[in-house]
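Okay, so here's the structure we're looking at.
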Amino acid sequence: MESISVFDMLSIGVGPSSSHTLGPWRAANTWIDKLQRLEQFTMVDSISVELYGSLSLTGKGHATDVAVIMGLLGTDPVTFPIHEISHQVEIVKSSKTLHLNSEKPIPFDFESAIRFNRKFLKFHPNGITFRATLRNGKKVSDTYYSIGGGFIVQQERKRAKRQIERFSLFPYPVEKATQLIDYCHAENLSISQLVLKNELSLRTLDRIDEKLKAIWDVMLDSMYVGCHTQGILPGGLNVRRRAFESHEKLKGDIAYTNPVEWIKAIRNTEVKFRQILKWVSCFALAVNEVNASLGRVVTAPTNGSAGVIPAVLMYYLVIENHDGNFDDIKKFLLVAGEIGSLFKKGATISAAMGGCQAEIGVSSAMAAGALTELMGGTPEQVLMAAEIAMEHHLGLTCDPIAGLVQIPCIERNAMGAIKAINACEMALDGDPKDAKIPLDKVIATMWETAKDMTTKYKETSEGGLAVQVNISDC
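Given below as structure tokens:
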């Protein structure tokens, strides 16, 4: 069994795509580390990059080429200032020189050094190969696969071997939902308490809290920025940011000066059913509008689905519990991360492997289960909520128009968040003993559906809305 931490499932990164932006960025970083480890870095004379399959077909719209450049420059996607990305890429383009790891200048023609190859490699649809020619004429290369959620692997799955070694440290190793429930019963623990015990085998409580607070801060900031930014999203579809106008209508005359005051102010607004729907949708739209503009978001479990979990957690804090605090946020994120890991182990969180059910479907299940624990649900009801949410996303395709993470991606986050809340309420009102479909079964079904789904509906922009609507129509 592979060890997957909450911080593997929830990580800070850059939009618009965890698999097509964040993954290639990290792959370039990893390749540089390998060159240095093998003492080949100083000998590099030239480099080229080849993108395969889905990375090639939707790479332009997903800013994969930009991510590759930023990774080769040695920058960190977690901390690099977002507003400087376009400037750094323009320097490389205009000078036709790339400073590898920001230290070694090498010739680099942006237009020819990054090649888009429509061929699909057998191991995974998202393949990327880095090639270098050394001073002595030797050629070296490495191929990486971006498997969703910012995860990268090589075919020999070295990372998986390391994760299996880490797994032995977990006091409660979990591969299936049934095991999770058994542990909770045996130890008389909630799911969040059990997950915390596993995390404590990897890092201290202070470090866990620090990392969870950092994740929540980025989630909150992405909602806040999205709700306070107007204009047209980049990419050519002329998609107007909608969160700003929605927020203006919802907030009325409330006063605030920062995100923390903003939460308190929203608590004082009208909360009729229609307003609740609009607030939740607004939060989700805001995050994914930030994501679509290469902003900083939390991969949860992917960038394309980054708005669902923050929107549902914000719903809890501003609608359900005005006294909600970091303890609630912590529980929510721990449960969400664990549910996400079940899907990653039993199916996939990659749209290139499973369509949008692997992104919005999984994020909705994560949010539904996490909200259910905060609302007082039992571990069984938590997993029941996650099952309901995924069940009604089964078969959802990934067909982004023009390869951009905008249409239908942004709206789908709002729908995923609303479904998560509904799934939570249905689980709380139901008896898990009467449930006909356990979570493990819906995960298995999702994976079988993913395997049956044709490639054109798996993040290739070769089917569905992507071929029915042309960029010229927008």
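If you're matching positions, the sequence shown starts at 1 in the UniProt record's numbering and goes up one per residue. No residue lacks a Cβ here, since even glycine has one placed at the ideal position from N, Cα and C. Being a predicted model, the structure only gives us computed values, none of them experimental.
Starting from residue i and walking both ways along the alpha helix (DSSP H), at which residues does that stretch end?
{"i": "residue 332", "result": "326 to 346"}
{"i": "residue 197", "result": "191 to 200"}
{"i": "residue 369", "result": "360 to 374"}
{"i": "residue 142", "result": "Careful: residue 142 lies outside any alpha helix (DSSP H), inside the beta strand (DSSP E) at 139 to 148."}
{"i": "residue 508", "result": "Lying outside 1 to 474, the shown extent of the chain, residue 508 is not represented and no answer is given."}
{"i": "residue 442", "result": "439 to 452"}
{"i": "residue 239", "result": "Neither: residue 239 is in no alpha helix (DSSP H) and is coded neither H nor E."}
{"i": "residue 282", "result": "273 to 292"}
{"i": "residue 174", "result": "From DSSP, residue 174 is part of no alpha helix (DSSP H); its letter is neither H nor E."}
{"i": "residue 381", "result": "379 to 391"}
{"i": "residue 261", "result": "259 to 266"}
Helix, strand or coil for residue i per DSSP?
{"i": "residue 159", "result": "Here residue 159 scores only 49 on pLDDT, less than 50, and its place in the model is too uncertain to base an answer on."}
{"i": "residue 229", "result": "coil"}
{"i": "residue 117", "result": "strand"}
{"i": "residue 63", "result": "coil"}
{"i": "residue 97", "result": "strand"}
{"i": "residue 127", "result": "strand"}
{"i": "residue 110", "result": "helix"}
{"i": "residue 152", "result": "strand"}
{"i": "residue 105", "result": "strand"}
{"i": "residue 37", "result": "helix"}
{"i": "residue 404", "result": "coil"}
{"i": "residue 169", "result": "coil"}
{"i": "residue 306", "result": "coil"}
{"i": "residue 186", "result": "helix"}
{"i": "residue 133", "result": "strand"}
{"i": "residue 122", "result": "coil"}
{"i": "residue 436", "result": "coil"}
Decide if residue i is buried, meaning its Cβ has at least 16 other Cβ atoms within 10 Å, or exposed.
{"i": "residue 421", "result": "buried"}
{"i": "residue 255", "result": "exposed"}
{"i": "residue 137", "result": "exposed"}
{"i": "residue 397", "result": "buried"}
{"i": "residue 468", "result": "exposed"}
{"i": "residue 252", "result": "exposed"}
{"i": "residue 174", "result": "buried"}
{"i": "residue 188", "result": "exposed"}
{"i": "residue 7", "result": "buried"}
{"i": "residue 464", "result": "buried"}
{"i": "residue 348", "result": "buried"}
{"i": "residue 96", "result": "exposed"}
{"i": "residue 386", "result": "buried"}
{"i": "residue 459", "result": "buried"}
{"i": "residue 78", "result": "exposed"}
Identify the continuous beta strand (DSSP E) that holds residue i and give its terminal residues.
{"i": "residue 49", "result": "44 to 52"}
{"i": "residue 13", "result": "11 to 14"}
{"i": "residue 41", "result": "Careful: residue 41 lies outside any beta strand (DSSP E) and carries neither H nor E."}
{"i": "residue 243", "result": "Note, residue 243: premise wrong, no beta strand (DSSP E); alpha helix (DSSP H) at 243 to 251."}
{"i": "residue 299", "result": "296 to 299"}
Please tell me whether residue i and residue j are closer than 9 angstroms, where the distance is taken between their beta carbons.
{"i": "residue 191", "j": "residue 334", "result": "yes"}
{"i": "residue 49", "j": "residue 129", "result": "yes"}
{"i": "residue 121", "j": "residue 53", "result": "yes"}
{"i": "residue 147", "j": "residue 23", "result": "yes"}
{"i": "residue 180", "j": "residue 342", "result": "yes"}
{"i": "residue 364", "j": "residue 358", "result": "no"}
{"i": "residue 13", "j": "residue 297", "result": "yes"}
{"i": "residue 391", "j": "residue 360", "result": "no"}
{"i": "residue 235", "j": "residue 284", "result": "no"}
{"i": "residue 428", "j": "residue 366", "result": "no"}
{"i": "residue 336", "j": "residue 309", "result": "yes"}
{"i": "residue 286", "j": "residue 324", "result": "no"}
{"i": "residue 75", "j": "residue 46", "result": "no"}
{"i": "residue 194", "j": "residue 117", "result": "no"}
{"i": "residue 381", "j": "residue 430", "result": "yes"}
{"i": "residue 312", "j": "residue 243", "result": "no"}
{"i": "residue 403", "j": "residue 58", "result": "yes"}
{"i": "residue 5", "j": "residue 126", "result": "no"}
(message) If contact is defined by three or more beta carbon pairs under 8 angstroms, each pair taking one atom from either stretch, is the segment 291 to 303 in contact with the segment 26 to 33?
(response) no
(request) Specify whether the segment 261 to 273 and the segment 307 to 327 touch according to this definition: at least 3 beta carbon pairs, one from each stretch, less than 8 angstroms apart. (result) yes
(request) Please determine if the segment 29 to 44 and the segment 110 to 117 are in contact, where contact requires at least 3 C-beta pairs separated by less than 8 angstroms. (result) no
(request) Mind the definition here: the segment 397 to 407 touches the segment 361 to 377 only if three or more C-beta pairs lie below 8 angstroms; say whether that holds. (result) no
(message) Does the contact criterion of 3 or more C-beta pairs under 8 angstroms hold for the segment 89 to 99 versus the segment 63 to 77?
(response) Judged by Cβ distances under 8 angstroms, the segment 89 to 99 makes contact with the segment 63 to 77, as three or more pairs qualify.
(message) I'd like to know if the segment 223 to 230 and the segment 239 to 248 are in contact, where contact means that at least 3 CB-CB pairs between them fall below 8 angstroms.
(response) yes
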